[in-house]
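In this note's numbering, the protein residues as written are 2 to 525.
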């Protein structure tokens, strides 16, 4: 049972809808920073947190029910782990009250900050709880072992037990401090460890079968989909599981559940910000973890929206920054030609830039060096034989500009220069590799090489009337009992894909067809 505080406080602490452990742990830490405050949740919580609140003692949480809050008494609104107005539910009404001071504590990208707060604390760490702990430590506020354990759960959850690429050194430092405060690791493991239900296993199997990988900007991006008649708790954990199973850098899982479509995005690539991608669809989150819920949309339409957004943000012509090689291998102007030759040979390259304090002074080729050495000039400095007639390129230039310089102007080696300093290079070999990849970027399935069958169960559930589905299930059961395959035939086979089935439905049997007809007619 959730403990409640008796009086409606003047200082209210809240967080985002569908609160998780990081959100609640941040809110709990905030009650230590604001002693006369109370936590008011704007809505429901994630299943794991809800289970914790039901099964474990949490008397250290100062929770006030939303319906018991007197909005007129609130003078300070403290918001943790979100800065988006539409994620704090009914409490967003307090933002328009000039008598209410707003304090914001968040770790999400600043680009997502929509709430104009009177005071803001921000740090790009893996868990918002880490930010709160830093303030507790600076103010020398002590905590109990129970509080330490709960705050550690917040960090463990939001960093994926320190495996997410968004994890920062501060997250580890904060957790070490919590362990000093007697945080219980066994309890953390017991609560945070995810347990799959049979329903989860079935959905994971669907995701694996339907997963398709697209290559954008040289990075594989996997999209998988499934459906369920009802809402599935903790669907997001399946994205993590599939990501780990298949060693995927980026994944989006799409599920039609009840009357909404849920998209979960996860990324281990710094260049792919799933938060920005799903924000465009009405959702949000971190660069490495985000989600969105869509209503009034079919599974196919949601997938199309996602693919279009991926192409809009990532499918555009790549920039030099995305494809250049770095760090730069270079030599000084004073380097003897013999040493330059050693470098060229050791690394198997044909051109080296001559660089002084980050500035490219010239280029020198293997052919030039070998000619000079052949004539006994191996001790001369590189500056004597470098060419100073060359083009440089900006990291924001396009692939078309690279092609123009390398193909049209025949410059096989392009230094990438930003603010007068060389930060990378692009060679003719790099360009050929990129162009080859572009010509072979058709989507691939995770089960490529194995027999492929299109899974149309989700599509049929979405498009077909219930009575037609019942007929097909019935026919399938009869065929299975009789030991042969039941098939649909006729124009109906195109119906579910293009539109709701308006065409005639034909049934055939591969094997003893008469048995199918007899059994089916008897059932009818």
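For each residue, glycine too, the CB sits at the ideal point set by N, CA and C. Treat the numbers as computed from the prediction; the structure is a model and nothing was measured.
Quick one: what does DSSP say residue i is sitting in, helix, strand or coil?
i	result
residue 267	strand
residue 298	coil
residue 278	helix
residue 256	strand
residue 48	helix
residue 312	helix
residue 404	helix
residue 369	helix
residue 201	helix
residue 273	coil
residue 91	helix
residue 215	strand
residue 164	coil
residue 288	coil
residue 378	coil
residue 14	strand
residue 20	strand
residue 182	coil
residue 148	helix
residue 174	helix
residue 189	helix
residue 9	coil
Report yes if the CB atom of residue i is closer than 7 Å to the CB atom of residue j, and no otherwise.
i	j	result
residue 9	residue 74	yes
residue 362	residue 334	yes
residue 263	residue 236	yes
residue 22	residue 133	no
residue 84	residue 107	yes
residue 208	residue 227	yes
residue 417	residue 435	no
residue 14	residue 31	yes
residue 214	residue 223	yes
residue 267	residue 250	no
residue 89	residue 64	no
residue 127	residue 159	yes
residue 378	residue 365	no
Taking only beta-carbon atoms, is residue i less than 7 Å away from chain C?
i	result
residue 418	Checking the listed chains, one finds no chain C in this structure; it contains a single protein chain.
What's the gap between the Cα of residue i and the Cα of residue j?
i	j	result
residue 369	residue 345	12 Å
residue 479	residue 470	14 Å
residue 234	residue 55	16 Å
residue 301	residue 415	44 Å
residue 171	residue 257	38 Å
residue 404	residue 217	19 Å
residue 291	residue 50	18 Å
residue 406	residue 412	6 Å
residue 138	residue 319	45 Å
residue 371	residue 330	19 Å
residue 157	residue 198	22 Å
residue 397	residue 143	49 Å
residue 321	residue 429	13 Å
residue 420	residue 125	26 Å
residue 248	residue 95	45 Å
residue 355	residue 338	12 Å
residue 440	residue 186	Reliability of the predicted coordinates at residue 440 is poor, the pLDDT of 47 falling under 50, and no value is obtained from them.
residue 525	residue 259	Because the pLDDT at residue 525 is just 49, under 50, the model does not fix this residue reliably, and the value given afterwards should be weighed accordingly. Rounded to the nearest angstrom, the two C-alpha atoms are 30 Å apart.
residue 86	residue 116	6 Å
residue 12	residue 35	8 Å
residue 103	residue 225	40 Å
residue 477	residue 467	15 Å
residue 4	residue 293	Reliability fails at residue 4, whose pLDDT of 46 lies under 50, so the model's placement of it is uncertain and the value that follows must be treated cautiously. Near 31 Å, if we compare the C-alpha coordinates of residue 293 and residue 4.
Report back the beta-carbon spacing between residue i and residue j to the nearest angstrom; my notes put them in contact at under 8 Å.
i	j	result
residue 62	residue 43	Not confirmed; about 16 Å, so no contact.
residue 167	residue 81	Contact doesn't hold; Cβ gap of about 17 Å is too wide.
residue 289	residue 165	6 Å
residue 19	residue 45	6 Å
residue 425	residue 327	4 Å
residue 307	residue 252	The pair is not a contact, with the Cβ atoms about 12 Å apart (cut-off 8 Å).
What are the partner residues of residue i, as DSSP defines its beta bridges?
i	result
residue 107	123
residue 352	366
residue 419	422
residue 251	268
residue 79	14, 104
residue 414	428
residue 360	357
residue 388	364
residue 221	216
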